[in-house]
Structure formats: structure tokens, C-alpha cells
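K.L.:
One structure coming up, written as C-alpha cells, with questions to follow.
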Amino acid sequence: MHTTYPVPGVKMTALTHQKAQVLRDTTRGQQILQTSLSDLPALLKAMEHSLQEGLTIVEKEKGIEKKELLASLLDDHLYWEFGYYILFLKWRESNMAKTGCPAPADVKN
Numbered sequence: 396m397h398t399t400y401p402v403p404g405v406k407m408t409a410l411t412h413q414k415a416q417v418l419r420d421t422t423r424g425q426q427i428l429q430t431s432l433s434d435l436p437a438l439l440k441a442m443e444h445s446l447q448e449g450l451t452i453v454e455k456e457k458g459i460e461k462k463e464l465l466a467s468l469l470d471d472h473l474y475w476e477f478g479y480y481i482l483f484l485k486w487r488e489s490n491m492a493k494t495g496c497p498a499p500a501d502v503k504n
């Protein structure tokens, strides 16, 4: 499933379970996975701020530079979504531990 972005040839990739598995194996994905539950919100806020700054820059660019920047931002956005996915999994794991439920095997560092 892809959403076409307003620039021809640029598509936004959906975060699927399969894509999350691929992202887990990257250096950046491992950094997100190894971030503690208490530190993840600050990391995600910084990632979001970086995306917003990037969009501001993209609005000023034209041609191939704009397309390359957008492709990079789409990749950054996917990691941002992945970060929220991991935040949810860690939050769920934490709450399940508090209630005495067995921890799921979703979050592996």
C-alpha cells in the first residue's frame, strides 16, 4: 500500500509489520529499539522537529534536489512512525508487567 505524494514519482511507504522487521535490523532501528521508554518521547519529538525543518527546506528547493530531499524525508518519516510503534510496544510491555501479565515477545533489542 503506497500513498502518492504530491510530487510525481515520490510515494510514501506504509509501515507494515514486514517493513518494521526490516527497520529493526538497521543501525537507526536498533538505536530506536535501545532507547528507554522514558526517553522515547523526547527522541520522537526531536525526530518530528527534524522532519518539520526538512519540509521547510524542501519547500524552497526545486527539481532533482527537491525530489532527493523528499525521498530522504520519507525515509525519516518511516523511522518516526517506527519509533511510535516501538513506543507503543514498550508502553504495552510496561503496563502488562505492572499488572502481572507475561511480557510479549514483540520488543527485542
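In my numbering, the protein residues as written are 396 to 504.
Idealized CB from N, CA, C, for every residue including glycine.
#1: Quick check on this structure: which residue in G478, T494, P436 and I452 has the alpha carbon closest to the alpha carbon of Q416?
#2: What number of angstroms, rounded off, separates the C-alpha of S445 from the C-alpha of C496?
#3: If we count the other Cβ atoms within 10 Å of its Cβ and call it buried at 16 or more, is E476 buried or exposed?
#4: Would you check whether the ligand PLP has a heavy atom nearer than 7 angstroms to the C-beta of R419?
#5: Using DSSP's beta-bridge definition, name the partner residues of T494.
#6: With DSSP collapsed to three states, give me the class of T451.
P.N.:
According to the data block:
#1: Within the sequence shown, residue 416 is the residue found at index 21, counting from 1. Cα-wise, what sits closest to Q416 is G478.
#2: For this step, residue 445 is matched to residue 50 along the sequence shown. For this step, residue 496 is matched to residue 101 along the sequence shown. Computed Cα separation, rounded: 37 angstroms.
#3: On the sequence shown, residue 476 is found 81 positions in, with the first residue counted as 1. Buried, because 16 or more other Cβ atoms sit within 10 Å of the Cβ of E476.
#4: This structure lacks the ligand PLP; in fact it carries no ligand of any kind.
#5: Here residue 494 is taken as the residue at index 99 of the sequence shown, counted from 1. DSSP lists no beta-bridge partner residue for T494.
#6: In the sequence shown, the residue the question calls residue 451 occupies position 56. Helix.
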